[in-house]
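J.: In this text, residue positions in the sequence shown follow this note's numbering: the first is -7, and each later residue adds one.
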Amino acid sequence: MRKKYISLLLTLLAVFTSCDDKLDITPRGFSTLNTVDDLGALINKEWRIYDWDFNHEMITGNTFALWSTPEEIFNVKNSVEYAFIYADESVDRVALCEEDDRYKEIYSNIKYCNIVACQMPDLDGDQYKKNRFIAQARILRAWFHFLAVNLWAAQYDEATAASTGGVPYVDNIDFGAEKTKLTVAQVYEKILADCSDELIECLDKTPTDDPFRFEADFGYAVRARVLFQMKRYEEAATYARKALEINPTIEDRSTIVDKGTWESTFNSPNHYMFILTSFVTNQSEMGNMTLTPKFLSLYEQGDYVRYYSREDDWTEYDDLLYGPEGSANYSPQGAARINVWGLRAEQMYYVLGECLIRAGQIDEGLDQVDKVRKYRIHPEFYRPFKGTVNTKQEAMALLSKAKTVECIISYENFFDCKRRNTEPEYAADVVHHMDDFGDFTIRPNSPLWIYPFPMNATNFNPSLTQNI
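1. Between residue 108 and residue 34, how many whole angstroms is the CB-CB distance? I'm expecting something under 8 Å.
2. Pick helix, strand or coil for residue 25, following the three-state DSSP scheme.
3. Give me, in chain order, the residues of the same chain whose beta-carbon lies closer than 8 Å to that of residue 439; leave out the 5 immediate sequence neighbours on both sides.
4. Indicate whether residue 464 and residue 43 have their beta-carbon atoms separated by less than 8 Å.
5. For residue 372, I'd like the list of residues in its chain whose CB is within less than 7 Å of its CB, leaving aside the five on either flank, ordered along the chain.
6. In angstroms, rounded to a whole number, what distance separates the CA positions of residue 391 and residue 361?
7. With DSSP run on the structure shown, which of helix, strand or coil describes residue 109?
8. Is the Cβ-Cβ distance between residue 130 and residue 191 less than 8 Å?
9. Taking residue 424 as part of the beta strand (DSSP E), name the residues at either end of that continuous run.
10. Sort out for me which residues DSSP pairs residue 209 with in a bridge.
11. Is the beta carbon of residue 239 sitting closer than 8 Å to the one on residue 199?
12. Contact check, residue 267 vs residue 331 under 8 Å by CB: the rounded distance?
13. Would you mind sorting residue 256 into buried or exposed? The rule is 16 or more other CB atoms within 10 Å of its CB.
14. Is the beta carbon of residue 214 sitting closer than 8 Å to the one on residue 135?
15. In three-state DSSP terms, what is residue 123?
16. Tell me, please, which residues DSSP counts as bridged to residue 308.
17. Buried or exposed: where does residue 8 fall if 16 or more other Cβ atoms within 10 Å of its Cβ makes it buried?
18. Is the beta carbon of residue 348 closer than 8 Å to that of residue 338?
19. Leaving out the 5 sequence neighbours to the left and right, which residues in its chain are closer than 7 Å to residue 412 when beta-carbon positions are compared?
20. Determine the closest residue to residue 354 out of 321, 369 and 382, with distance taken between C-alpha atoms.
21. Among 363, 78, 281 and 326, which has the Cα closest to the Cα of residue 432?
22. Please name the residue, chosen from 133, 247 and 197, that lies closest to residue 185 on a Cα-to-Cα basis.
23. Measuring only the C-alpha atoms, how far is residue 449 from residue 91?
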């Protein structure tokens, strides 16, 4: 019996000894990552903002509700799709928004950024590496907040931003604290601080070949795009130029002529940083989209995607029977990847182009647009915009048409509409033509341009009052 007790005691000692490392418990809210590289690895991930219907493009009129007809949407009036397509501001979108994957994933991504930005300064290690990781975390934090404030709040306007409700700006790792909603002005102030010149200077001036990491090209592009949305056009132009000096790569779509389909991967060098929208890595984000007649009319003659893709890539209305009459679906066999939530060089050409046009440099601005168009239109049909118009309004019309096609299903068209809607010379109604049901108009100041916060966020955060 004594031998049995000794044997049991030795066994228990062995168990407790083997578990010593597992009993070293780290309190909640703290990281066990204690080296610079290990902590920095938290932002070395495939960034994702899950989205499947891209309904921001339903509002702009470029796409229609998935697998639906105007009649089917009209018959279900208590739906977000009905509100957006039939311009019905009376639909209770708050009650319909129990949760929102975009909101959840944006703030989940911000959490990773905060862990790195807040804990990296306390680690021992190479200071250059530490500064670089901190800069990347803060710039990425700025970008995710920029997306959030433009989805769930009103457009920035200098005269009203200080009194307009914004979104929470989360820049700490106190995960149990209330995420207080700030004003639009306060949010933008913090965004600009998180993509400052000093932080961008910590990044390499050579683009990375990792589509989910970034260097100074993305840093400058973020600051350019933020200032652009704030309508600080002269400053935005400066940073767009800096981004393009580092990475001017434009995707060449002339390859469609030989391949018969549009092939573009998320690691193409024109992407400053790619943000995924789903868990499928071999399917184009365009695949299920119903493109409206209004959008299809914007394609220029000779556009590689529209006129040189194989016949099977396009499903025309007679075979589709979704959307308003004349709609179509484009599902490229080449699985072209669309950078819906990230940034790429082409956007910087358009940012710079618009800034120059607004400054009265019309030909110089249109030349930026032409630099992209050369890779979108077959030489047989390509004609430069430069030198064809004399007024800002005419130049802006040319730019807007080309940019809408270039940026289809990304946030860009939605954000552009919101921005221009606060400028009297460019504000415009968005008219949706719904066949026999008639025309439906979304006003520039419609609350439909602002998304409701999801209830699973507002129910636990008293400060998160709706902005619509």
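Virtual Cβ for every residue (Gly too), placed ideally from N, Cα, C.
T.: According to the structure shown:
1. 5 Å
2. coil
3. 81 and 460
4. Because the chain spans -7 through 460 in this model, residue 464 falls outside it and cannot be assessed.
5. 294
6. 7 Å
7. helix
8. yes
9. 422 to 425
10. Answer by DSSP bridge pairing: none, since residue 209 is not bridged.
11. yes
12. 7 Å
13. buried
14. yes
15. helix
16. 320
17. The predicted model places residue 8 with a pLDDT of 37, which falls under 50 and marks its position as unreliable, so this point remains unresolved.
18. no
19. 418 and 419
20. 382
21. 78
22. 133
23. 8 Å
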